[in-house]
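Engineer: Numbers in this note's numbering are just positions in the sequence shown, counted from 1, shifted up by 144. Built from N, CA and C at the ideal position, the CB exists for glycine as well. This structure is in structure tokens; I'll ask about it shortly.
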Amino acid sequence: MAMNRRDFMSIAAAGTALTTLGIPTSHAQGDDTIRIALAAGGPRHSDPNLTTQGPDNWAIEQIYEQLARPDDGRFALAPAEYLPVLATEWSMSDDAKTWTFKLREGVQFHRGYGEMTSEDVVFTYLKAKEIGTGRVIMANVADAVANGLYEVVFTLNAPDVNFLGTTVFSLNTNIISKKAYEEIGAEAFTTDAVGTGPYELVRYDSESGTYLKRFEDYWGEGAKIGNIECLYIADTTARTLALVSGQVDMIEAVRAPGWIDSILQRDPSMQVDMTVPGSFNTLHINLNRAPFDNLKVRQALMHAIDRAAVSQALAPMGGLLVGLQPDFFPLGLRTEDLPEDLRYTYSPERSRELLAEAGFPDGVSFDSLCSQREDYSSTMLIVQEQLRLAGFNMNLIIGDHTAYHADNRSDKNTLAMHASSYPPIPTQIYIQQLYSKAEVKADGSGGGNYSHYGVAVPGVDELIEKALSATNYDEYVELCRQVELQVLRDLPLIGLSTLSYTIVRNPRLDLGYEVKSGYARWRLHRATKA
Numbered sequence: 145m146a147m148n149r150r151d152f153m154s155i156a157a158a159g160t161a162l163t164t165l166g167i168p169t170s171h172a173q174g175d176d177t178i179r180i181a182l183a184a185g186g187p188r189h190s191d192p193n194l195t196t197q198g199p200d201n202w203a204i205e206q207i208y209e210q211l212a213r214p215d216d217g218r219f220a221l222a223p224a225e226y227l228p229v230l231a232t233e234w235s236m237s238d239d240a241k242t243w244t245f246k247l248r249e250g251v252q253f254h255r256g257y258g259e260m261t262s263e264d265v266v267f268t269y270l271k272a273k274e275i276g277t278g279r280v281i282m283a284n285v286a287d288a289v290a291n292g293l294y295e296v297v298f299t300l301n302a303p304d305v306n307f308l309g310t311t312v313f314s315l316n317t318n319i320i321s322k323k324a325y326e327e328i329g330a331e332a333f334t335t336d337a338v339g340t341g342p343y344e345l346v347r348y349d350s351e352s353g354t355y356l357k358r359f360e361d362y363w364g365e366g367a368k369i370g371n372i373e374c375l376y377i378a379d380t381t382a383r384t385l386a387l388v389s390g391q392v393d394m395i396e397a398v399r400a401p402g403w404i405d406s407i408l409q410r411d412p413s414m415q416v417d418m419t420v421p422g423s424f425n426t427l428h429i430n431l432n433r434a435p436f437d438n439l440k441v442r443q444a445l446m447h448a449i450d451r452a453a454v455s456q457a458l459a460p461m462g463g464l465l466v467g468l469q470p471d472f473f474p475l476g477l478r479t480e481d482l483p484e485d486l487r488y489t490y491s492p493e494r495s496r497e498l499l500a501e502a503g504f505p506d507g508v509s510f511d512s513l514c515s516q517r518e519d520y521s522s523t524m525l526i527v528q529e530q531l532r533l534a535g536f537n538m539n540l541i542i543g544d545h546t547a548y549h550a551d552n553r554s555d556k557n558t559l560a561m562h563a564s565s566y567p568p569i570p571t572q573i574y575i576q577q578l579y580s581k582a583e584v585k586a587d588g589s590g591g592g593n594y595s596h597y598g599v600a601v602p603g604v605d606e607l608i609e610k611a612l613s614a615t616n617y618d619e620y621v622e623l624c625r626q627v628e629l630q631v632l633r634d635l636p637l638i639g640l641s642t643l644s645y646t647i648v649r650n651p652r653l654d655l656g657y658e659v660k661s662g663y664a665r666w667r668l669h670r671a672t673k674a
């Protein structure tokens, strides 16, 4: 790879920054250590029940485990595709309201906290039901009861044939040690971690990252590489140069136009791992803020956004959302399936007409917060320019990614972009972003319904609950289709695009499997170095 003076000076500067983070600038890639550089300023949580920042989930994925999960590198498309992890088998009652799990015997918690039993599973689920980021998802769990040391029975409020996908395979239901949690204390546990996974926490540094080592008493096949360092390097240049100069093995990619091409031009041997569809990039419209409490203004906004252009600008990572789902997900919803008035074809002229009808012939101006992270900022800058042509003057206030999420959780935004990965279970995004029980709260105690849908205006709670209670899959899909159509009528939430979560890694590092789909995190216990 040819290097010019600018490259040399940039690498020198990046080397200084990485040394400050504690990453040596020579021989940084030890054969027994995986270093991944993540796009944030520092970790916030190691408690899987409280995490709100995506990069934190990389360490959590190595430390903790659920009762069951899909194979590495993919989502499960059917219940039969879930694999035993901390449970060895499970069964569902005929009414889909009782699920029984038999636990794996002999599983040890890290740091000598003893064997995992049904008591730990019950504690984990009931805690997640009462506190944490998954309370809306966990609300359907009526109770969890231990039946001896190695069996747990879950009773649900409503049937759920997708219980493995909706609840069991989630961050909040990673099994924690009851003894460790009580001894360490709730506050300290947010930066501590005791799980059953193939790696255990060695050090948590709020400035630089989380440091893990292989758990020698792991119940399954042991991790092949001894150590993992999850390093936080928010600066794009420093993160990129850390990879190309060999100081880290993997980096969270810059999900912005042209970035993949540029790094492959630097070094064509780099490996690119992409999840499909990846993140669902949605735009919450705060219905409590004028003028967006006016439906005509929201319709004008929808006509002003060229969603196809947004996804094309982000190629090869970008994809199209039809409503709130990609067209290859179970609903199979396509634009041509929608009523004409709900297609919202791109038309700045129609936007201006609707604004005039709403009483804003001269357009509207407003402030909106945005994360500086490239997948957020590049998308919102595209949207900003599209809106300008249609009479919307959006002043973007771009700031720290971690602070941005905290502000959204405190109801401080007008148009809040959110990026999150979802499995092929349509109701997941509805529960987290549309359900009235997930309404955002000013004190930060609420959920991810940043639009106040179902509270500021009537929502789709009844349809969501009917879908969740359906025991017939065709009925479930039809109810989800009705949710999509109602959301397109009310416009509390806009599906902007999908965006593949992308990691670029040194070709020396072999993950041990191919990444096809899944959440924005994956396990590294099968990885080897050439």
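Using CA atoms only, rank isn't needed, just tell me which of 234, 449, 190 is closest to residue 316.
Structural biologist: For the residues 234, 449, 190, the minimum Cα distance to residue 316 belongs to 190.
Engineer: Starting from residue 242, follow the beta strand (DSSP E) in both directions and report where the run begins and ends.
Structural biologist: 242 to 247
Engineer: Helix, strand or coil for residue 312 per DSSP?
Structural biologist: helix
Engineer: Assess, as a yes-or-no matter, whether the region 441 to 448 is touched by the region 375 to 388 under the definition of 3 or more beta carbon pairs within less than 8 Å.
Structural biologist: no
Engineer: Candidates 545, 218, 219, 182: which alpha carbon is nearest residue 201's?
Structural biologist: For residue 201, the nearest C-alpha among the options comes from 182.
Engineer: Since residue 207 and residue 671 should fall inside the 8 Å C-beta cutoff, what is the C-beta to C-beta distance between them, to a whole number of angstroms?
Structural biologist: At roughly 16 Å, the Cβ-Cβ gap does not stay under 8 Å, so residue 207 and residue 671 are not in contact.
Engineer: For residue 494 and residue 610, I'd like the C-alpha separation in whole angstroms.
Structural biologist: 36 Å
Engineer: What did DSSP end up calling residue 340 once you bin it into helix, strand or coil?
Structural biologist: coil
Engineer: Terminal residues of the continuous alpha helix (DSSP H) containing residue 269?
Structural biologist: For residue 269, the enclosing alpha helix (DSSP H) has its first and last residue at 262 to 274.
Engineer: Residue range of the beta strand (DSSP E) that residue 552 falls in?
Structural biologist: First-last for residue 552: 545 to 553, but that is the alpha helix (DSSP H), not the beta strand (DSSP E).
Engineer: Measure the alpha-carbon distance for residue 507 versus residue 451 and round it to whole angstroms.
Structural biologist: 21 Å
Engineer: According to DSSP, simplified to helix, strand and coil, what is residue 328?
Structural biologist: helix
Engineer: According to the neighbour-count rule (16 or more other Cβ atoms, all chains shown, within 10 Å of its Cβ), is residue 409 buried or exposed?
Structural biologist: exposed
Engineer: How would you label residue 224, buried or exposed, when you count the other beta carbons within 10 angstroms and need 16 or more for buried?
Structural biologist: exposed
Engineer: Taking all protein chains shown into account, decide if residue 134 is buried (16 or more other Cβ within 10 angstroms of its Cβ) or exposed.
Structural biologist: Residue 134 falls outside the range modelled here, since the chain spans only 145 to 674, and no answer is possible.
Engineer: Distance check for residue 512 and residue 638, CA to CA, integer angstroms please.
Structural biologist: Across the structure, residue 638 and residue 512 are spaced so that their CA atoms are roughly 15 Å apart.
Engineer: Any idea what DSSP makes of residue 561, helix, strand or coil?
Structural biologist: strand
Engineer: Starting from residue 224, trace the alpha helix (DSSP H) in both directions and tell me its first and last residue.
Structural biologist: Where residue 224 is concerned, there is no enclosing alpha helix (DSSP H), given that its DSSP letter is neither H nor E.
Engineer: In this structure, does DSSP put residue 396 in helix, strand or coil?
Structural biologist: strand
Engineer: If we ignore side chains and look at the alpha-carbon of each, how far apart do residue 335 and residue 216 end up?
Structural biologist: 26 Å
Engineer: Bridge partners of residue 233, per DSSP?
Structural biologist: 246
Engineer: Provide the residue(s) that pair with residue 469 in DSSP beta bridges, ordered along the chain.
Structural biologist: 466
Engineer: Short check: CB of residue 266 to CB of residue 286, under 8 Å?
Structural biologist: no
Engineer: Evaluate contact between the region 611 to 622 and the region 657 to 667, counting only Cβ atoms and requiring at least three cross-stretch pairs below 8 Å.
Structural biologist: no
Engineer: Taking 8 Å as the cut-off, decide whether the C-beta atoms of residue 394 and residue 646 are in contact.
Structural biologist: no
Engineer: According to DSSP, is residue 536 helix, strand or coil?
Structural biologist: strand
Engineer: Residues in the same chain with beta-carbon distance under 8 Å from residue 486, minus the five sequence neighbours each way, listed in chain order, please.
Structural biologist: 629, 632, 633
Engineer: With 16 other CB atoms within 10 Å as the buried threshold, where does residue 231 fall?
Structural biologist: buried
Engineer: Counting pairs of Cβ atoms below 8 Å between the region 322 to 341 and the region 302 to 314, do you hit three or more?
Structural biologist: no
Engineer: I need the DSSP call for residue 639, collapsed to helix, strand or coil.
Structural biologist: strand
Engineer: Can you check whether the CB of residue 359 is closer than 8 Å to the CB of residue 344?
Structural biologist: yes
Engineer: Counting only beta-carbon atoms, is residue 564 nearer than 8 Å to chain D?
Structural biologist: Although the question refers to chain D, the structure presented lacks it and comprises just one protein chain.
Engineer: Using DSSP bridges, identify the partner residues of residue 510.
Structural biologist: Its beta-bridge partners are 538.
Engineer: To the nearest angstrom, how far is the alpha carbon of residue 135 from that of residue 277?
Structural biologist: Absent from the model: residue 135. The displayed extent of the chain is 145 to 674, so no value can be given.
Engineer: Counting only the same chain and skipping the five closest in sequence on each side, list residues whose C-beta sits under 7 Å from that of residue 656.
Structural biologist: 670, 671, 672
Engineer: Take the Cβ of residue 465 as the centre, count every other Cβ of all protein chains shown within 10 Å, and call the residue buried at 16 or more, exposed below.
Structural biologist: buried
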